[in-house]
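**Q** In full-length UniProt numbering, the protein residues as written are 1 to 434.
All C-beta atoms in this analysis are idealised placements derived from N, C-alpha and C, irrespective of residue type, glycine included.
Nothing here was measured: the structure is a model prediction, and the numbers come from that model.
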Amino acid sequence: MAAKNGVVVCTPLECESLEDMVASMEKAKEEGADMVELCMASMAVPCHSQAIEEIIKRRFLPAIVSFRLKSSKGDRYNVCLKVLKRAVELNVEFVEMDYEMACEVNMAEYFDSNSRIIVSNYVNGGKPSVEKLADLIACMQATGADIIKLDICVDYITDLAPIFTVLTHCQVPLIAMAVGSKVAHSKGPILHNPAFRHMGYNGIYVPMLVDDIEEFFKTYSGSDFAGFSVGIHTRKQQSGAVMRSIHWQRSSKHDSKEADGREADRLYTDCEASISAIEDALRERKVSRNGASHGTSPISGRSFVLIGAGGAGRSMAFGANIKGPESLFSTAIMRAKALADEVSGEALPYETLEKFRPETGAIFANSSAIGMEPISDQSPVSKNHTTLERGAEVGVTAVSGVEMFVRQALGQFRLFTGGSAPEDFMRKLVMEQF
């Protein structure tokens with residue numbers, strides 16, 4: 001099967017009935033899937049072999065036929081054998097079987113067709129060693145599999161490092177899956193991955209939950225990674241590491257040596273994205289009113305009033321502060337006094353917000369959930385923002401968090417790929433998704 005731009009998107013389908021499986025396949029195709037995994041063990045029908053014939057006959061996407069077993073004994077085991085054998089006879093594109101089963105059956109019977117065989121294994125028991133994985137991969141390859149697949153349960157993202165070590169020694173294609181916590185709120189994958197495919201870039205953006213950011217960068221410093229997008233969290237260790245990046249960005253760029261001697265650039269894209277969005281909006285307003293726009297930053301000399309001290313708030317605080325001494329933080333409403341101290345600002349209690357009256361021309365930046373009703377559980381990236389609507393009604397210049405999100409994504413794309421970002425494509429995608 002030809003891969004589109006080197007990337008194939010596979011959607012697993014777990015359905016109880018034949019009709020649900022076919023309908024789900026159609027839905028997957030509509031949403032951009034290139035192939036599907038037909039998880040036959042999920043079907044609540046007495047005769048799976050008949051169901052597999054009908055599904056394969058009616059499929060309109062390449063498919064992987066799998067049958068997950070909780071035990072290698074009993075009737076389900078025999079049903080699994082029949083289903084997988086029938087799928088091979090019907091020349092489905094891929095058939096996946098457990099490693100234990102592959103060791104027990106006559107694999108020659110499964111290779112006498114056009115189907116490619118995936119042998120998978122679930123790895124449990126903590127962080128796998130390089131030696132253990134290398135031995136396991138060698139045994140899996142010995143089954144004659146066309147592709148091998150490892151499903152690994154880990155506690156920390158750094159536990160996966162051995163996978164990348166043994167990957168270079170694998171003689172057949174290897175699929176590695178990690179089971180653990182995920183970064184549920186990350187919007188990066190739904191923007192960067194389509195953009196990578198659109199530009200034909202051979203890469204993938206994956207959200208990762210990192211508990212120890214310094215240990216993470218020590219572990220993953222190889223050339224296989226084009227870059228990392230680091231979010232700011234409340235943990236002191238993570239915040240400290242990211243804040244060093246912010247200070248480096250204030251002098252435009254900081255180069256440091258990684259463990260292998262490579263140069264590493266640490267850049268803070270949120271900082272530039274948020275402030276440039278505000279600056280451009282103010283410049284556009286000034287041009288439309290006065291017919292000219294000066295070269296200095298329109299933020300200079302203004303009070304910058306900020307609500308919220310999370311990731312977006314810190315971006316704007318430092319971003320405005322690095323514009324120079326003219327960017328005054330005479331009044332800043334923040335939950336964290338520590339942030340106000342770092343940018344020479346003043347922290348005021350949240351309760352004073354209602355009575356607060358800034359000077360004329362002040363910039364009001366909201367990085368909190370205030371004004372997000374009725375969707376206050378979402379991030380300020382949403383374009384349906386009550387505060388923005390009210391600001392526009394009274395004639396102030398309003399800048400949505402969507403603009404900040406787009407700009408930081410464009411900056412990241414350029415850093416990841418070394419090329420120009422497809423701005424029109426990415427903006428259209430953001431407006432469709434959010």
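Please list, in chain order, all residues of the same chain as residue 89 whose beta carbon is under 7 angstroms from its beta carbon, the five residues on each side excluded.
**A** The residue labelled residue 89 in the question sits at position 89 within the sequence shown. Same-chain partners within the cutoff: 113.
**Q** My output table needs one value for residue 284: the three-state DSSP class, helix, strand or coil.
**A** Counting from one through the sequence shown, the residue named residue 284 turns up at place 284. The answer is helix: DSSP assigns residue 284 an H, G or I state.
**Q** Look at the alpha carbon of residue 418 and the alpha carbon of residue 221, and state the distance between them as a whole number of angstroms.
**A** Residue numbering aside, residue 418 sits at position 418 when the sequence shown is read from its first letter. Residue numbering aside, residue 221 sits at position 221 when the sequence shown is read from its first letter. Roughly 18 angstroms between the two C-alpha positions.
**Q** Below 8 angstroms, can you find three or more Cβ-Cβ pairs linking the stretch 313–320 to the stretch 347–360?
**A** Touching, no.
**Q** Does the beta-carbon of residue 269 have 16 or more other beta-carbons within 10 angstroms, so that it is buried, or is it exposed?
**A** Looking up residue 269 in the sequence shown gives position 269. Label assigned to residue 269: buried.
**Q** Buried or exposed for residue 163, going by 16 or more other Cβ atoms inside 10 Å?
**A** Numbered from 1 along the sequence shown, position 163 holds the residue referred to as residue 163. Answer is buried; the Cβ neighbour count reaches 16.
**Q** What residue range is occupied by the uninterrupted beta strand (DSSP E) comprising residue 96?
**A** Taking the sequence shown and counting its residues from 1, the one referred to as residue 96 is at position 96. Element bounds for residue 96: 94–98.
**Q** Rounding to the nearest angstrom, what Cα-Cα distance links residue 154 and residue 431 in this structure?
**A** Your numbering for residue 154 matches position 154 in the sequence shown. Your numbering for residue 431 matches position 431 in the sequence shown. Approximately 36 angstroms, taken between the alpha carbons.
**Q** Leaving out five residues on either side along the sequence, give the residues of the same chain with a beta carbon under 7 angstroms from the beta carbon of residue 128.
**A** Residue mapping note: residue 128 aligns to position 128 of the sequence shown, counting from 1. Around residue 128: 152 and 162.
**Q** Just verifying my parser: in three-state terms, what is the DSSP assignment at residue 427?
**A** Mapped onto the sequence shown, residue 427 falls at position 427. If DSSP states are grouped into helix, strand and coil, residue 427 belongs with the helices.
**Q** Below 8 angstroms, how does it come out for the stretch 31–42 and the stretch 53–72: are there three or more Cβ pairs, yes or no?
**A** As far as the Cβ criterion goes, the stretch 31–42 touches the stretch 53–72, which means the pair count is three or higher.
**Q** Among 345, 300, 296 and 301, which one has its Cα closest to the Cα of residue 317?
**A** For the purposes of this step, residue 317 is taken as residue 317 along the sequence shown, with counting starting at 1. The option with the nearest alpha carbon to residue 317 is 345.
**Q** Residue 12 lies in the beta strand (DSSP E); which residues open and close that run?
**A** As a working mapping, residue 12 is identified with position 12 in the sequence shown. Note, residue 12: beta strand (DSSP E), 10–13.
**Q** Can you name the start and end residues of the beta strand (DSSP E) that residue 37 belongs to?
**A** Taking the first residue of the sequence shown as 1, we reach residue 37 at position 37. Residues 35–39.
**Q** Tell me, to the nearest whole angstrom, how far the beta carbon of residue 308 is from that of residue 229; I am working on the premise that it is less than 8 angstroms.
**A** Here residue 308 refers to the residue found at position 308 of the sequence shown. Here residue 229 refers to the residue found at position 229 of the sequence shown. Not a contact, Cβ separation roughly 20 angstroms.
**Q** Where do the ends of the alpha helix (DSSP H) carrying residue 363 lie?
**A** If you number the sequence shown from 1, residue 363 lands on position 363. It is not in any alpha helix (DSSP H) - residue 363 instead sits in the beta strand (DSSP E) that spans 363–366.
**Q** Could you say which of 360, 286 and 296 lies nearest to residue 453 if we only look at CA atoms?
**A** This structure gives no information on residue 453, because the portion of the chain shown stretches from 1 to 434.
**Q** Can you tell me whether residue 376 is helix, strand or coil according to DSSP?
**A** For the purposes of this step, residue 376 is taken as the residue at position 376 of the sequence shown. With a pLDDT of 45 at residue 376, under the threshold of 50, the modelled position of this residue cannot be trusted; read the value that follows with caution. The answer is coil: DSSP assigns residue 376 none of H, G, I, E or B.
**Q** If we ignore side chains and look at the alpha-carbon of each, how far apart do residue 423 and residue 193 end up?
**A** Counting from one through the sequence shown, the residue named residue 423 turns up at place 423. Counting from one through the sequence shown, the residue named residue 193 turns up at place 193. Distance between the alpha carbons of residue 423 and residue 193 is about 14 angstroms.
**Q** Would you identify the three-state DSSP class for residue 404, choosing helix, strand or coil?
**A** Here residue 404 refers to the residue found at position 404 when the sequence shown is read from its first residue. Looking at residue 404 - three-state DSSP - the assignment turns out to be helix.
**Q** With DSSP as the reference, label residue 350 as helix, strand or coil.
**A** The count along the sequence shown starts at 1 and reaches residue 350 at position 350. Helix at residue 350.
**Q** Any chance you could list the alpha helix (DSSP H) runs of at least 4 consecutive residues sitting entirely within the stretch 137–167, in chain order?
**A** Segments of the alpha helix (DSSP H) lying fully in the stretch 137–167: 161–167.
**Q** Measuring only the C-alpha atoms, how far is residue 145 from residue 80?
**A** Along the sequence shown, read from residue 1 onward, the residue named residue 145 stands at position 145. Along the sequence shown, read from residue 1 onward, the residue named residue 80 stands at position 80. Rounded to whole angstroms, residue 145 to residue 80 spans 18 angstroms at the Cα level.
**Q** Compare the C-alpha of residue 58 against each of 395, 272 and 18 and name the closest.
**A** The residue you call residue 58 lines up with position 58 of the sequence shown. Minimum Cα distance to residue 58 is reached at 18.
**Q** Can you tell me where the beta strand (DSSP E) with residue 122 in it begins and where it stops?
**A** Within the sequence shown, the letter at position 122 stands for residue 122. That run of the beta strand (DSSP E) goes 116–123.
**Q** On the three-state DSSP scale, how would you describe residue 61?
**A** Here residue 61 refers to the residue found at position 61 of the sequence shown. Residue state, collapsed to three classes: coil.
**Q** Can you find the residues in the same chain that come closer than 7 angstroms, C-beta to C-beta, to residue 120, ignoring five residues on each side of it along the sequence?
**A** Residue mapping note: residue 120 aligns to position 120 of the sequence shown, counting from 1. Excluding positions up to five away in sequence, the list reads 96, 98, 99, 149 and 151.
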